[in-house]
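Peer 1: This is the structure I have questions about; it appears just below.
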Amino acid sequence: MFRWTSILKMVFLLLLMSSCKNTRSAAEQAYIEQQYQKVKTLVNSKEYRFVATAAFPLQTNAVMEATQNLFRGTDNTGTRIVLTKNDAFIEVQNDSVSGFLSYYGELRTANYSDDRDAAIIFNGAPQSYEVVENDKKNSLEIKLKVKSSTEQFNLKMDVYHNSRVYLLVYGANRTAIRYEGFLKATMQ
5 MFRWTSILKM VFLLLLMSSC KNTRSAAEQA YIEQQYQKVK TLVNSKEYRF VATAAFPLQT
65 NAVMEATQNL FRGTDNTGTR IVLTKNDAFI EVQNDSVSGF LSYYGELRTA NYSDDRDAAI
125 IFNGAPQSYE VVENDKKNSL EIKLKVKSST EQFNLKMDVY HNSRVYLLVY GANRTAIRYE
185 GFLKATMQ
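Dropping the structure here:
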């Protein structure tokens, strides 16, 4: 008898917990939708700037350990580098995209070595530009292909209703790197 009542109590408790959801109020949902519409309008205007606040290198363990030692005594770690003191950005102006992103990572191609191109720097018309809207999740995905003087990059920006952006950069000669930041209108 003791077993069945304990099992029934557990089943009841599990059902009760699964029916509880973290729901937003109508006012919260309306605010999120309003912010999302503003972000959509900004992105569709093609007059915006992504400002990077942190970089997250995707490094091997050996390089990460060396980087940890270099950053000792700072606010940075081998897996997170604060970018508030440098001007890391991507700017979209109509049919032109420019960017300067500090790069912290590894070269994948042994014969690739260009001292002039240590950062990710590009300027000009993108090879491709696509915006995918996800109205259900109140987010946008921006996919870009750009070329620097020596390398091609694929960029994927996840943009959220609160203007937060998570950017992944894949280079032809470097390991991937992730950036975090925000979106704002460009100054004209």
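Take 5 as the starting number for the sequence shown in my numbering and just add one per residue.
A virtual CB, placed ideally from N, CA and C, is assigned to each residue, including glycine.
All values reported here derive from a predicted model rather than from experimental measurement.
To the nearest whole angstrom, what separates the beta carbons of Phe16 and Ala56, a pair I think is in contact under 8 angstroms?
Peer 2: Their Cβ separation, rounded to whole angstroms, is 49 angstroms, which puts Phe16 and Ala56 out of contact at 8 angstroms.
Peer 1: Apart from the five residues just before and just after Gln33, which ones in its own chain have a Cβ nearer than 6 angstroms to its Cβ?
Peer 2: none
Peer 1: Do the CB positions of Tyr133 and Leu148 come within less than 8 angstroms of each other?
Peer 2: yes
Peer 1: Within the continuous alpha helix (DSSP H) that includes Ala30, where are the two ends?
Peer 2: Ala30 to Ser49
Peer 1: State the CB to CB distance for the pair Phe54 and Val169, rounded to an integer number of angstroms; the pair is presumed to be in contact (CB under 8 angstroms).
Peer 2: 5 angstroms
Peer 1: Nearest to Thr88 by alpha carbon, out of Ser100, Gln97, Ala59 and Leu111?
Peer 2: Comparing C-alpha distances from Thr88 to each of Ser100, Gln97, Ala59 and Leu111 shows the shortest one belongs to Ala59.
Peer 1: Cα-Cα, which of Ser106, Tyr108, Ile146 and Phe186 is closest to Leu158?
Peer 2: It is Asn, not Leu, that sits at residue 158 in the sequence shown. Closest by alpha carbon: Ile146.
Peer 1: Which residue comes first and which comes last in the beta strand (DSSP E) that contains Ile127?
Peer 2: Note on identity: in this sequence residue 127 is Asn, with Ile being the wrong assignment. Counting along the chain, the beta strand (DSSP E) containing Asn127 begins and ends at Ile124 to Gly128.
Peer 1: At what residue ranges does the segment 131 to 175 contain a whole run of the beta strand (DSSP E), taking only runs of 3 or more?
Peer 2: Counting only runs of 3 or more, we get 132 to 138, 143 to 151, 156 to 164 and 168 to 175.
Peer 1: Below 8 angstroms, how does it come out for the segment 40 to 53 and the segment 170 to 178: are there three or more Cβ pairs, yes or no?
Peer 2: The segment 40 to 53 is not in contact with the segment 170 to 178.
Peer 1: Return the Cβ separation of Tyr107 and Ala122 in integer angstroms, given the expectation that the two are a contact with Cβ distance under 8 angstroms.
Peer 2: At roughly 6 angstroms, the Cβ-Cβ gap stays under 8 angstroms, so Tyr107 and Ala122 are in contact.
Peer 1: Starting from Ser102, follow its DSSP beta bridges and name the residues at the other end.
Peer 2: Glu95 and Asn127.
Peer 1: Considering only residues of the same chain and omitting the five flanking positions on each side of Arg112, which have a CB-CB separation below 7 angstroms?
Peer 2: Asn177, Arg178 and Thr179
Peer 1: Out of Gly103, Asn142 and Gly175, point me to the one whose CA is closest to Phe126's CA.
Peer 2: Gly103
Peer 1: Looking at C-alpha atoms only, which residue of Asp91, Glu155, Glu37 and Ile181 is the closest neighbour of Asn138?
Peer 2: Glu37
Peer 1: How long is the line joining the alpha carbons of Lys44 and Thr154, rounded to whole angstroms?
Peer 2: 33 angstroms
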